[in-house]
Amino acid sequence: MGTEDTNNSTFPIRAYSYVRMSTRKQLRGDSLRRQLERSKAFADEHSLLLDDSLQDLGVSAWKGRNFKTGALGRFLAMVENGQIPKGSYLLIESLDRLSREAVPDALTLFMAIINAGIVIVTLGEDRQVYSRDRLNGDWTKLIIGLAVMSRGHEESQTKSERISAVAKRKRELAREGKGHITSITPAWIDARRIDTSRYEFTLNHHAETVKAIYEMATRGLGATVIARKLNADGIPAFKSQDGWYQSVIKALLARQDVIGIFQPHRIVDGKRVPDGDPIAGYFPAAIDKDLFLQVQALRSNPGKPGRKGNTFANLFTGLCHCAHCGGPMTMKMSRVKGNENGRYLVCANYVRGHRCTDGNRHFRYEPLEAAIVDHVTEINLAETLHAARFDDTVREFDERIAELALQLEELRRKEQRLAQIIEDDNAPPDAVVDLLKARQSERKAVEAELRHQQAERQRRSIRHDSPMETCDLIGRLRDAWEQADDAARYDLRSEAHAAIREIITEIGFDSSDCSTTLIVENGIVVHRFAEDQASSRHQVWYAVPLMTMPAA
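Numbering follows the UniProt record's numbering, with no gaps: position 314 of the sequence shown is 314.
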């Protein structure tokens with residue numbers, strides 16, 4: 001049994017010991033040693049060369065994961081491409097180590113291995129040898145295998161249903177405020193077990209860091225700047241010993257658990273997917289809801305910048321557009337001798353030769369920035385607006401808009417999950433399609449309400465006709481950055497940009513007459529600049545679009 005003859009040469013036959021254990025309890029116990037010892041004893045008894053590298057430790061055969069992504073799948077691939085020759089042995093403790101799927105699926109896998117020329121040997125109580133030749137001679141042996149497959153599937157099915165029922169009950173209790181799902185918490189929350197289904201959650205020292213990060217974000221500081229400031233101040237990161245990263249800050253600024261909301265998840269095909277609606281009030285809040293919604297409103301603003309060099313060169317990033325094609329303006333450095341520090345704004349589409357042939361003018365940036373800061377007095381409304389919006393009717397609109405935006409995002413996620421279910425055919429199609437249609441109707445209603453709230457918010461926005469009564473936020477920031485080093489200058493100009501985009505809607509650049517038109521609050525005030533001077537100021541009382549944007 002132990003050798004094969006190929007071209008008059010005799011080679012030992014290989015036996016592959018397949019060991020699979022899905023639980024930590026099995027890994028801590030005696031199962032691994034027992035399975036390997038049985039494989040070694042069989043190989044020695046039949047003069048087989050044993051390979052014990054085929055292991056799926058911590059991988060379940062339920063849903064066929066060991067075949068789809070584990071060592072068993074790699075074994076079959078090597079059989080198919082000839083790396084493992086026909087006549088080799090696959091040693092397993094029992095057929096339920098091979099698969100715990102429903103019998104038809106388990107049998108398909110079993111026959112695929114047999115038909116590939118592999119001999120399957122079970123080393124447990126049944127001690128069976130399965131090969132194509134043996135089954136052709138006595139197919140009744142297959143009955144034993146089918147019984148083992150059925151038993152394994154039923155055990156896993158029962159266990160899965162029991163676990164699902166327990167998890168479902170935990171979620172129900174959590175939604176009723178009578179229990180908790182898991183002791184796993186965000187880094188700023190500690191958990192202490194009270195009983196089997198309840199924990200005491202308390203904020204720890206990291207909660208102050210969360211609040212500081214959100215407060216910096218309200219000042220217009222981006223994730224890169226926030227990370228740098230935290231590292232410079234020696235503030236310890238949540239987990240990493242290597243300081244703060246931009247990606248961690250970005251993720252934190254989008255997390256709803258900072259205001260106590262918890263999103264349950266479940267595992268589907270090895271991936272975590274949301275399970276039901278988020279649970280409000282599950283955790284203690286690290287920040288108040290107003291601060292959270294304020295940051296979400298800032299982050300949803302399309303003019304929000306990323307990292308812009310070392311000094312935040314363009315205060316008007318995200319606001320500048322070409323009057324001819326509607327494309328964004330890009331900043332270019334001067335190459336003219338004697339003007340090394342000169343910066344210009346030019347149409348990005350014109351530069352790359354796409355969609356624009358008229359936006360050829362290079363607008364000098366420094367004089368334009370000075371003219372806008374000196375003459376557009378409305379930008380000093382930004383601080384007044386910033387302070388007032390959370391004290392009057394506009395605050396209510398901003399909160400409602402942010403809440404609707406979060407609700408819309410959740411509805412879109414639900415639509416995606418339902419669409420995935422339909423694709424996977426894991427539920428009755430008619431019922432899922434009806435639910436998907438209902439979710440789509442809800443989404444459209446929320447979108448309509450969001451547009452209405454945005455329009456109302458715009459209509460009731462603060463109108464301030466006496467700039468002399470406002471503060472001089474931009475002026476104070478400019479005085480500070482002119483004296484600051486590069487790092488501090490970036491922070492100050494970033495804060496100025498956040499204030500400017502509260503007031504300025506957009507800035508259009510017209511190459512035909514070398515002019516710049518600046519729109520304040522969607523047309524409440526229009527400024528026009530020519531030859532780097534404020535040439536006129538037009539007061540209007542209704543929204544005036546600067547241009548008609550061409551379709552992308």
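Using N, Cα and C, we set each Cβ at its ideal position, and we do this for glycine too. Here the structure is a predicted model, which is why all the values come from computation and not from measurement.
Option in the options with minimal Cα separation from residue i
i, options, result
"T69", "H46, V119, M78 and D56", "D56"
"A254", "G508, T224, R299 and N231", "R299"
"R443", "V433, G475 and L404", "L404"
"T108", "A484, L146, L50 and V210", "L146"
"residue 553", "S240, V210, Q241 and K239", "The requested residue 553 does not occur in the structure, where the chain is confined to residues 1 to 552."
"R501", "I372, A212 and D288", "I372"
"T196", "I184, G179, Y130 and K141", "G179"
"L518", "L76, L48 and V376", "V376"
"F363", "V148, S17, R355 and L345", "L345"
"A207", "T185, Q35, V446 and Q454", "T185"
"F201", "E366, D434 and A187", "A187"
"P236", "I213, K250 and G222", "I213"
"E176", "A43, E399 and R198", "R198"
"G359", "Q483, C322 and R400", "C322"
"G152", "P284, L98, T140 and T122", "L98"
"T516", "L473, E447, A480 and R361", "R361"
"D288", "G276, I259 and V148", "I259"
"I370", "E409, P284 and I474", "Ile is not the amino acid found at residue 370; the sequence shown has Ala there. Nearest C-alpha to A370: I474."
"E172", "D277, R132, D133 and R343", "D277"
"D398", "R413, D290 and L72", "D290"
"E101", "A402, T158 and F75", "T158"
"L450", "W481, H354, A77 and E409", "E409"
"V489", "L315, K250 and A251", "The amino acid at residue 489 is misidentified as Val; the sequence shows Arg. Checked all of L315, K250 and A251; the closest Cα to R489 is L315."
"T357", "S511, D190 and A402", "S511"
"A496", "R476, Q483 and D513", "R476"
"E447", "D486, I401 and D491", "I401"
"V19", "T122, Q83 and E154", "T122"
"A480", "L203, D472 and L492", "L492"
"R228", "A487, P104 and A106", "A487"
"M111", "A484, L142, I84 and A167", "L142"
For residue i, the residue or residues it bridges with in DSSP
i, result
"H321", "P328 and G508"
"D51", "Y16"
"R364", "Y344"
"I113", "I113 is not bridged to any residue."
"T140", "T140 is not bridged to any residue."
"V129", "V121"
"I92", "T122"
"M333", "R343"
For residue j and residue i, believed in contact at Cβ under 8 Å, the rounded distance
i, j, result
"S494", "G318", "Not a contact, Cβ separation roughly 12 Å."
"residue 559", "G137", "Given a span of 1 to 552 for the chain in the structure shown, any question on residue 559 remains unanswerable."
"P274", "Q256", "Not really, about 12 Å apart at Cβ, beyond 8 Å."
"G124", "S94", "4 Å"
"M331", "Y365", "7 Å"
"Q246", "A223", "4 Å"
"residue 617", "V432", "Only positions 1 to 552 of the chain appear in the structure, and residue 617 is not among them; the question remains open."
"I144", "Y89", "Rounded, the Cβ-Cβ distance is 18 Å, inconsistent with contact."
"I92", "I113", "With a Cβ gap of about 10 Å, I92 and I113 do not count as contacting."
"A15", "L49", "7 Å"
"V520", "I503", "6 Å"
"F529", "L368", "7 Å"
Residue i Cβ short of 7 Å to the ligand PLP heavy atom set
i, result
"E93", "The ligand PLP is not part of the structure shown, which contains no ligands of any sort."
Would you say the segment 287–297 touches the segment 206–225, given that touching needs at least three Cβ pairs under 8 Å? Here the segment 287–297 lies against the segment 206–225, with 3 or more beta-carbon pairs under 8 Å apart.
Quick check for students: name the residue ranges of the alpha helix (DSSP H) that lie wholly in the UniProt domain "Recombinase" (186–305), counting only runs of 4 or more. If we require 4 residues or more, the alpha helix (DSSP H) runs fully inside the UniProt domain "Recombinase" (186–305) come out as 206–218, 223–232, 246–252 and 289–299.
Three Cβ pairs or more, each shorter than 8 Å: is that satisfied between the segment 348–366 and the segment 326–333? Cβ pair count under 8 Å is three or more, so yes.
List, from N- to C-terminal side, the alpha helix (DSSP H) runs of 4 residues or more that fit wholly inside the segment 466–503. Runs found: 473–481 and 486–503.
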